[in-house]
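Since the structure comes first, as structure tokens, the remarks are kept for the end.
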Amino acid sequence: MAQAKGASANKVPEIRTGDTVVVLHGKDAGKRGKVEKVLRNLGSKHKAAGAWRGASSRPLAILISGVNLAKRHQKARPHMSQNTQSMAQQSGIIDKPMPIDVSNVMIVCPRCDRITRVKHERLGSGQSVRVCGHCREQLEASA
Numbered sequence: 006m007a008q009a010k011g012a013s014a015n016k017v018p019e020i021r022t023g024d025t026v027v028v029l030h031g032k033d034a035g036k037r038g039k040v041e042k043v044l045r046n047l048g049s050k051h052k053a054a055g056a057w058r059g060a061s062s063r064p065l066a067i068l069i070s071g072v073n074l075a076k077r078h079q080k081a082r083p084h085m086s087q088n089t090q091s092m093a094q095q096s097g098i099i100d101k102p103m104p105i106d107v108s109n110v111m112i113v114c115p116r117c118d119r120i121t122r123v124k125h126e127r128l129g130s131g132q133s134v135r136v137c138g139h140c141r142e143q144l145e146a147s148a
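Using our numbering, the final residue of the sequence shown is 148, and nothing's skipped along the way.
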């Protein structure tokens, strides 16, 4: 199957779990947070994306702790055990982080503490690493 234009099969992902990012657009613009989860294109599992498209390893959205929260009204559900019935799920109004598109966030360099574009460089061993566009230091996710 042909790959998308400009996409490489072994490209280093630009945003990883544990990275600190800043939201650029939307109601939470300017807020910082750590990436909890990276949501990727699952291909034909979701019909909204189109079954004709191939699966991609490029991230589509990310979950950031404390950013883009939605109120979830949740009902308590009983958890059945041997002889007793205990409440396993908390009831009430719960804050749930919702996904943000990757194009609306930018990585913060842990060394120079500036928002930056991610550059890619090759080490002497041939391994590709992510580096800060300003200070050229290696970006490491603190997950």
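Beta carbons: idealized from backbone N, C-alpha and C, even for Gly.
Nearest neighbour of V43 by Cα position, chosen from K124, K36, V107, G31, turns out to be V107.
Per DSSP, M103 lies in no beta strand (DSSP E) and is assigned neither H nor E.
Comparing alpha-carbon positions, the option among H125, C140, R141 lying closest to P18 turns out to be H125.
Relative to T22, the option among S70, V134, Q132, G31 whose CA is nearest is S70. Residue burial is scored here from C-beta neighbours: G38 has at least 16 other C-beta atoms within 10 angstroms and is therefore classed as buried. C140 counts as exposed, since fewer than 16 other beta carbons sit within 10 angstroms of its beta carbon. In this structure, V136 lies away from E145, with their beta-carbon atoms at least 8 Å apart. Excluding five sequence positions before and after E41, the CB atoms of its chain that fall closer than 6 Å to its own CB belong to L68, S70, given in chain order. A66 is bridged by DSSP to L44, D106.
Beta-bridge partners assigned by DSSP to L74: P102.
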